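*Asks:* Residue numbers (the numbering used here), protein chains in the order written: chain A, 1 to 335; chain B, 336 to 591; chain C, 592 to 844. For every residue, glycine included, the Cβ atom is placed at its ideal position computed from N, Cα and C. Quantities reported herein were computed from a predicted structural model and do not represent experimental measurements.
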Amino acid sequence: MKKYLTIIIVLILTLLLVSGCENNEAGPQQKITIAEQYGLAYAPVQLIKELKFLEEANPNLEVEWKQLSNTTSIRESMLAGEVDIAFMAIPPFLIARDKGMEWKIISGLSESPLGLMTNRGDINSLADFKTDAKIALPQPGSIQHILLSMAAEREFGEVDRFDEQLLTMSHPDAMNALLAGREVSAHFASPPYLFLESREEGIKKILSGRKAFGGDFTFIIGVSTEEFYEQQPKNYAYFLDALEKAIEFIEGQPEEAAEILADNYSLSQTEMLEYLNWPGMIYSSEVKGLDKFIDFMTAEAYLEANNYQYSELVFEKNLTGRETASEEEAVQNEE
Amino acid sequence: MKSKYKQRFFWGMILSLIWQLTAVSGIFSEMIFPGLDQILIALFESLKDGTLIKQIGFSLSVIAQGLFLATITALILSLTAYFSSYAAGLIDTLTALAHPLPGIALMPLILIWFGSGKTAILIVIIHSVLWPLVLNLSTGFNSIPDIYTLIAKNYRLNKLEFMYKILIPASLPYFISGLKIAWARSWRALISAEMLFGAINSLGGLGWYIFQKRVFFDLPGVFAGIIVIILIGIAVEDFIFEKLEAKTVKKWGMLK
Amino acid sequence: MRSYLELKNVNKSFETEKEKKIALKDINLEIKENEFLTILGPSGCGKSTLLKIIAGFSKTDRGQLLKKGEELAGAGLDRIMLFQDFEQLFSWQKVIDNVEFAVKAAAKNKNKSLSPAQIKEKAHKYLTEVKLAEYQNYYPHQLSGGMKQRAALARTLAAEAEIMLMDEPFGSVDSQTRQELQQLLVQLWQEEERTIIFVTHDIREAVFLSQRIVLMKNEPGEVINIIENKLPYPRIRSSRDFNQLFEKLQSQL
């Protein structure tokens, strides 16, 4: 009896082991893995998922959505070959690209209001920040960090003026801390946290992303691994189409989009629509401000290389449109 | 003892060679598997500009503080449990509840109650260390030969005298072995906590250093940090603990 | 005449789940000052229990313990115990430090204060008496069984107690060492003026060492007889008188 029991147990264990291995053998040609992230700025991507644009375009395509909590994890998953397409801000993309990560931009996704929110009555501008006031933002090298540094450079000539006061905190944690008046004096927030915080009494915005950057910029861009681009050109094209469709949908039919997305964001449809229509919340495939980011980050040694060709950063087949290309490149492309 | 180091050195060289060959062969992309040369360069650069030294100093100081506070608390708790059976019941229950909890699991609570930063990290360390110390000390106290209790009676030692003349020296082997476990656990907890809290930008310790490298996509830097963690771990075990044991329990023939 | 140490009606029983065991029943004993007394009996006869009661480590159920007419309250430095356990020495201290421990305790007990040099000197003296001075800087784990007991003996002496209680102290060493230690003990007793109460199951040991032998039996633990040993010191183990007394004792046990 014992002998049979042992054999059965060994068999079960072996089966479990083998089944674990099987997952790694997914057919390379018909699968696309997209990183899914929470945030209003990613709404069009959410639409692709909800409305099944990809499955519509190619019924044979296996679509996997991976929930990953932050840009760094996404980057690492892409490096490991587990994620093909993801969305993030420009600085993290540039930093990895600079270090040799083989990925490029496929499209812009959204421009968004961003803001430095404070809970302190005595702080009304950057100049009011004393060294004990802590500023929460997602991580060093994030767009919020870069924007803050840009503002610091412009206003005080000290790009790292606030570096010692930064606290790495996820947006939800930062918002909680800010509202509780505990530990942080300010939070560089993005939607929806930005909206929620701005509704609270005692919280005010002292710096907008736009002012910090000194103009308009794209908040979130879409990137893909070069491997995916080269190995699955057809599916890449399907994704671009789906993305274009989603962006048009959300800009053209916000009420319907709000209806579809409200549940996913745990908001009421009214709130959802309000957020989608919030001034500054623009969904577009353009990529604005890329050069300025590159210049700033190279000057401040976040990036080493300083001579990027547009084609090194953006796939040939992309949605970005020509406006951001430099004159020379536009001329080159025409030839 | 010398042959142990020779062996380690020998195998260390072999492993390094295998690593370097793998890196150079190109089986894995340079991004995932940097060569030892890149790692060592990253290490030396960080050492040269002082950032690494600063972070190492921070980590070590936090752990020293944590270990110190935890040791004192553990001593107080264990001694109280030894002398009072009511207290023993309470402390035993506390230990049974708290010991299985990894410090990281408590992080959300700690964050809410203490905020991020050095205090939170200290608490994580103390929690990781306190319970194994209490367990080892209590076991140690209860394991001293019964005869010492009789001797103490004979010489009419009061509780305090009994404590520092007999109880503590007699249970030193248990204390040291508890301390070794405590060190190992706290070193790990420290690095993880520093990575997760990643609080204050400039000074966050070795874990924070690695987190920064990770975020800035500097894999050689990450590995450099890992090497430092390993080296410090070995240094403490081999130098500090070995010396400690040599001067005390080895000398006294009390090694368990 | 008022006796030095008196046990009146000492009774002790132990209760386990199953039974109540009577360890000691109606023990009455008078011990003279400076005498060498042995309590002899098989294992289980309660002799160690009796010794522990005299030492004050446990309490008697009924009866009294009197020294010079006054009741003894608990343990103290007037009655120092020498154990059989090698572990009685503090393993974290050198031999000399172990002895100094007792020297300091004795001084404190008598309200005397000694300088560190004096303490060291005294400890050294006791170690010399037990012929262990050469090893004074050794740690207990470096000593043989016999040497450990010598060191323990030195420490016991250094406590300068009127009464020395010995619980089969030589039981764990080989017979040759045991004989050497017995000889040493008799010498020391003759030099210092102490009362020694010695517990053993070894008849020859009792004959060699003591002036009076208290015979005990077990179940329940009772005194059978008290025999005087008038053989002159030092006793010769091979002598006829020695063996006669041995046989006499043996027959009674």
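#1: Which of helix, strand or coil does DSSP assign to Gly424 (chain B)?
#2: Tell me whether Gly339 (chain A) sits in a helix, a strand or coil according to DSSP, three-state version.
#3: Quick check: the stretch 99-110 of chain A against the stretch 161-179 of chain A, are there 3 or more CB pairs under 8 angstroms?
#4: Round the Cβ separation of Val287 (chain A) and Thr218 (chain A) to the nearest angstrom and send it over; I've been treating them as touching at under 8 angstroms.
#5: What span of residues does the beta strand (DSSP E) with Arg670 (chain C) cover, start to end?
#6: Can you tell me which of the three DSSP states Leu641 (chain C) falls into?
#7: Assuming Ser538 (chain C) and Asp758 (chain C) are in contact, meaning their beta carbons sit under 8 angstroms apart, how far apart are those beta carbons, in whole angstroms?
#8: Would the beta-carbon of Ala664 (chain C) fall within 8 angstroms of that of Val690 (chain C)?
#9: Under 9 angstroms Cβ-Cβ, which residues of chain A neighbour Ile367 (chain B)?
#10: What is the DSSP secondary structure of Val184 (chain A), reduced to helix, strand or coil?
#11: Measuring only the C-alpha atoms, how far is Tyr730 (chain C) from Lys582 (chain B)?
#12: Report all residues from its chain with a CB closer than 6 angstroms to the CB of Asn700 (chain C); omit the five preceding and five following residues, and keep chain order.
#13: Between which residues of its own chain and Asn809 (chain C) is the CB-CB distance below 8 angstroms, once the five residues before and five after are set aside?
#14: Compute the Euclidean distance between the alpha carbons of Thr168 (chain A) and His732 (chain C), then round it to the nearest angstrom.
#15: Give a yes or no on whether the C-beta atoms belonging to Ala35 (chain A) and Ser77 (chain A) are separated by under 8 angstroms.
#16: If you measure from the beta carbon of Phe552 (chain B) to each beta carbon in chain A, is any gap under 8 angstroms?
#17: Which residues bound the beta strand (DSSP E) around Ala136 (chain A)?
#18: In the DSSP assignment, the beta strand (DSSP E) including Asn816 (chain C) goes from what residue to what residue?
#19: Taking all protein chains shown into account, decide if Ile827 (chain C) is buried (16 or more other Cβ within 10 angstroms of its Cβ) or exposed.
#20: Buried or exposed, going by whether 16 or more other CB atoms sit within 10 Å of the CB of Glu22 (chain A)?
#21: Flag Gly100 (chain A) as yes if its beta-carbon sits less than 8 angstroms from any beta-carbon of chain B, otherwise no.
#22: From Gln802 (chain C) to Glu626 (chain C), what distance separates their C-alpha atoms?
#23: Does the CB of Gln144 (chain A) have a neighbour CB from chain B at under 8 angstroms?
#24: Compare the C-beta of Ala749 (chain C) with all C-beta atoms of chain B and state if any pair is closer than 8 angstroms.
#25: So who's on the other strand from Asp758 (chain C), going by DSSP bridges?
#26: Mind pulling the chain B residues with CB within less than 8 angstroms of Lys668 (chain C)?
#27: Does the stretch 411-422 of chain B come close enough to the stretch 515-527 of chain B that 3 or more CB-CB pairs lie under 8 angstroms?
#28: State the DSSP-derived secondary structure class of Ile401 (chain B), mapped to helix, strand or coil.
#29: Quick check on Phe547 (chain B) - is its C-beta less than 8 angstroms from some C-beta in chain A?
#30: List the residues that DSSP assigns as beta-bridge partners of Leu67 (chain A).
#31: Check whether chain A comes within 8 angstroms of Gly370 (chain B), counting only Cβ atoms and requiring the distance to be less than that.
#32: Are the C-beta of Trp587 (chain B) and some C-beta of chain C separated by less than 8 angstroms?
#33: Does Leu194 (chain A) pass the burial test, meaning 16 or more other C-beta atoms within 10 Å, or should it be called exposed?
#34: Going along chain C, which residues have a C-beta under 7 angstroms from Ile482 (chain B)?
#35: Which residues in chain B sit within 8 angstroms of Thr72 (chain A), going by Cβ to Cβ distance?
#36: In this structure, how does DSSP classify His434 (chain B) when only helix, strand and coil are distinguished?
*Replies:* Taking the geometry as given:
#1: helix
#2: Absent from the structure is residue 339 (chain A), since the part of chain A shown begins at 1 and ends at 335.
#3: no
#4: 5 angstroms
#5: 670-673
#6: helix
#7: Coverage of chain C is limited to positions 592 through 844, which leaves residue 538 (chain C) absent and any answer about it impossible.
#8: no
#9: Leu79, Ala80
#10: coil
#11: 13 angstroms
#12: Leu668
#13: Gly632, Pro633, Ser634, Gly635, Cys636, Gly637
#14: 56 angstroms
#15: yes
#16: yes
#17: 135-137
#18: 813-819
#19: exposed
#20: Bear in mind that the predicted position of Glu22 (chain A) carries a pLDDT of just 45, short of 50, making it unreliable; the figure below should be weighed with that in mind. With fewer than 16 other Cβ atoms within 10 Å, it is exposed.
#21: yes
#22: 7 angstroms
#23: no
#24: no
#25: C:Val790
#26: The sequence given here has Leu at residue 668 (chain C), not Lys. Residues of chain B passing the Cβ test: Asn489, Tyr490, Arg491.
#27: no
#28: Per the sequence shown, residue 401 (chain B) should be read as Gly rather than Ile. Reduced to three states, the DSSP call for Gly401 (chain B) is helix.
#29: According to the sequence as given, residue 547 (chain B) is Gln; it is not Phe. Yes, because at least one Cβ of chain A sits closer than 8 angstroms to the Cβ of Gln547 (chain B).
#30: With the sequence shown as reference, residue 67 (chain A) is identified as Gln, and Leu is not the correct amino acid for it. Beta-bridge pairing links Gln67 (chain A) to A:Glu36.
#31: no
#32: yes
#33: buried
#34: Phe674, Asp676, Glu678, Gln679
#35: Arg549, Val550
#36: coil
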